[in-house]
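Residue numbers (the working numbering): 6 to 534.
The structure appears right after this line, and notes come after that.
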């Protein structure tokens, strides 16, 4: 499996990053806020279209992109901008407006965008006059018959007098959203199919959208989407609510055309290059470069598990069985500028994405895929929920969830458990009688645990670290000490690896007797890493 390239034409995104099938965002889904009696078009209409599609042979989207647009490099493609004064509803004093992305580069097929206005569906027509092409010289006749490759939603998110980007949809089924004072980072997807399999990944794509026109007092925006791929089709409803945390409620119904080996629900895609848990191999003034630094999983019977991310030398695919999923997400746990020192990409402003299932999803697994990447232009992290069983072909699969785009992650945690604030890796060493530290051939990890659950523990009063390693490692040391400088507790681990060509599983939890005091830190040390 190849890491995805990253594209961010948005002025809020890092302009030099390229995503071949990526970028995206838009729209929301909050069930009962919009009365179905007021809308002639709704989710069931999209579901019927999806069912009909699944009962017929798959037809790939047409592309008529001329070479002048197909061969554009990223910097030139980014020059093509939808004129802000042409934004849909910009002259109506509404809380949401739409602008659109042009076809070009690898975005070589058009998506159909409709609005639902006064109970009527109206298609938004493509007009090259509404775009600014900068200094590009593209013959007018080559712009005929083209369409939109995606669209973005803007809203007065940060200031009442400025319409900022809020959510975008572009490329396959990708989308991204922002909360207040955030900057684009990781992405969501409608669906993942056969990710990291030798048979090759399939990329379902949103083919058509319906955006419900808001009223002047609307606090949310509703978008419907039709998804299609060789293996299945699906109907989606997104309800978008902007705020400090932007919330997107997703309702989905899927129809299989054929059996699928791996179906990824609520997939998240992110980037991890290096950080304190896996320092850069070359000198770099930036302590960390990543959109997310860990996967958090909460299961009703499994508790809370924090999995720091890695940039491995070879593909790693890990599965975490969960009988009753309460939530999972790719998180950026630090938002301090000093942890990144990047004035351009501002990784400190990248949001986390937290998924909360609505209803019982049954048994399944949270899968984490970590792909080698040499630089930060590739999305190399994927996480999703994989159901244990699939419905028969033709029978719908209904899975709904709520997404939070947030920079205040601790509010989603169990207040009775501490969390891992930071993971640091170092060479293992021992201090001799002469006070000189010498390496002992081990690998050291230093974990900082924080949270109210630790406030009553001072010194040696019952708190201990429970640590273990898998068959390919040896636990040399594990101890916990109070962090007198910043509060909380610091855990020191030293491990020795067996076979360097194989990963090592390492776990650590703070406990008071049999009582857990923290989430479980679970790190898979990559092979040769």
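Every residue, glycine too, gets a C-beta built ideally from N, C-alpha and C.
Going by beta carbon distance, what residues of the same chain come within less than 8 Å of residue 463, once the five residues before and after it are set aside? Contacts found: 487.
Please determine, among 211, 228, 224 and 210, the residue with the shortest C-alpha to C-alpha distance to residue 217. For the residues 211, 228, 224 and 210, the minimum Cα distance to residue 217 belongs to 228.
Would you mind listing the beta strand (DSSP E) stretches within the stretch 269 to 332 that are 3+ residues and don't spill past its ends, in chain order? 277 to 279, 299 to 304, 308 to 313 and 321 to 327
Given that a residue counts as buried once 16 or more other Cβ atoms are within 10 Å of its Cβ, and exposed if not, what is residue 318? With fewer than 16 Cβ atoms within 10 Å of its Cβ, residue 318 is classed as exposed.
Please say whether residue 79 and residue 106 have beta carbons closer to each other than 9 Å? no
Return helix, strand or coil for residue 352, following the three-state DSSP convention. helix
To which residues of the same chain is residue 306 closer than 7 Å at the C-beta, ignoring the five residues directly before and after it? 328 and 329
Considering only their Cβ atoms, is the gap separating residue 530 from residue 513 smaller than 9 Å? Cβ atoms of residue 513 and residue 530: not closer than 9 Å.
Starting from residue 187 and walking both ways along the beta strand (DSSP E), at which residues does that stretch end? Run containing residue 187: none; DSSP gives neither H nor E here.
Entirely enclosed alpha helix (DSSP H) segments - the stretch 51 to 90, minimum 4 residues: Listed in chain order, the alpha helix (DSSP H) runs fully inside the stretch 51 to 90 are 72 to 75 and 79 to 82, counting runs of at least 4 residues.
The stretch 415 to 425 / the stretch 472 to 485 touching (three or more Cβ pairs under 8 Å): no
If I follow the unbroken beta strand (DSSP E) through residue 258, where does it start and stop? 251 to 261
Alpha carbon to alpha carbon, how far is residue 404 from residue 232? Give it in angstroms, no decimals. 14 Å
By a C-beta neighbour count over all protein chains shown, 10 Å radius and 16 as the cutoff for buried, is residue 288 buried or exposed? exposed
Could you please give the first and the last residue of the uninterrupted beta strand (DSSP E) stretch that includes residue 463? Counting along the chain, residue 463 falls outside any beta strand (DSSP E), and DSSP gives it neither H nor E.
In whole angstroms, give me the CA-to-CA distance for residue 419 and residue 388. 22 Å
Going by C-alpha to C-alpha distance, which of 264, 334 and 416 sits closest to residue 400? 264
Three-state secondary structure (DSSP) at residue 402? The answer is strand: DSSP assigns residue 402 an E or B state.
Residue 365 lies in the beta strand (DSSP E); which residues open and close that run? Following the DSSP letters along the chain, one finds residue 365 in no beta strand (DSSP E), marked with neither H nor E.
Three or more C-beta pairs below 8 Å linking the stretch 288 to 299 and the stretch 336 to 349: Because the criterion of three Cβ pairs below 8 Å is met, the stretch 288 to 299 and the stretch 336 to 349 touch.
Could you check what DSSP says for residue 343 in three-state terms: helix, strand or coil? helix
Name the DSSP bridge partner or partners of residue 473? 512
Contact the stretch 190 to 208 vs the stretch 68 to 78: 3+ CB pairs below 8 Å: no
Suppose the cutoff is 7 Å on Cβ atoms and the five residues either side in sequence are ignored; what does the same chain contact list for residue 129 look like? 93, 118, 119 and 120
For residue 285 and residue 269, I'd like the C-alpha separation in whole angstroms. 31 Å
What are the residues that DSSP puts in a beta bridge with residue 455? 424
Separation of residue 127 from residue 90, as counted between CA atoms: Here the C-alpha atom of residue 90 lies approximately 21 Å from the C-alpha atom of residue 127.
For residue 116, the residue or residues it bridges with in DSSP: 153
Using 8 Å as the cut-off, can you tell me whether the stretch 428 to 435 makes contact with the stretch 444 to 464, which would need three or more C-beta pairs spanning the two stretches below that distance? yes
Less than 9 Å between the C-beta atoms of residue 321 and residue 133, yes or no? no
Just how far apart, CA to CA, sit residue 166 and residue 100? 11 Å
How long is the line joining the alpha carbons of residue 516 and residue 449, rounded to whole angstroms? 21 Å
Span separating the alpha-carbon of residue 524 from that of residue 302: 10 Å
Output yes or no for whether 9 Å exceeds the beta carbon distance between residue 162 and residue 104. Against a cut-off of 9 Å, the Cβ pair of residue 104 and residue 162 comes out as no contact.
Give the straight-line distance between the Cα atoms of residue 355 and residue 145, rounded to the nearest whole angstrom. 39 Å
Can you name, in chain order, every residue of its own chain whose Cβ lies under 8 Å from the Cβ of residue 69, other than the five neighbours on each side? 150 and 151
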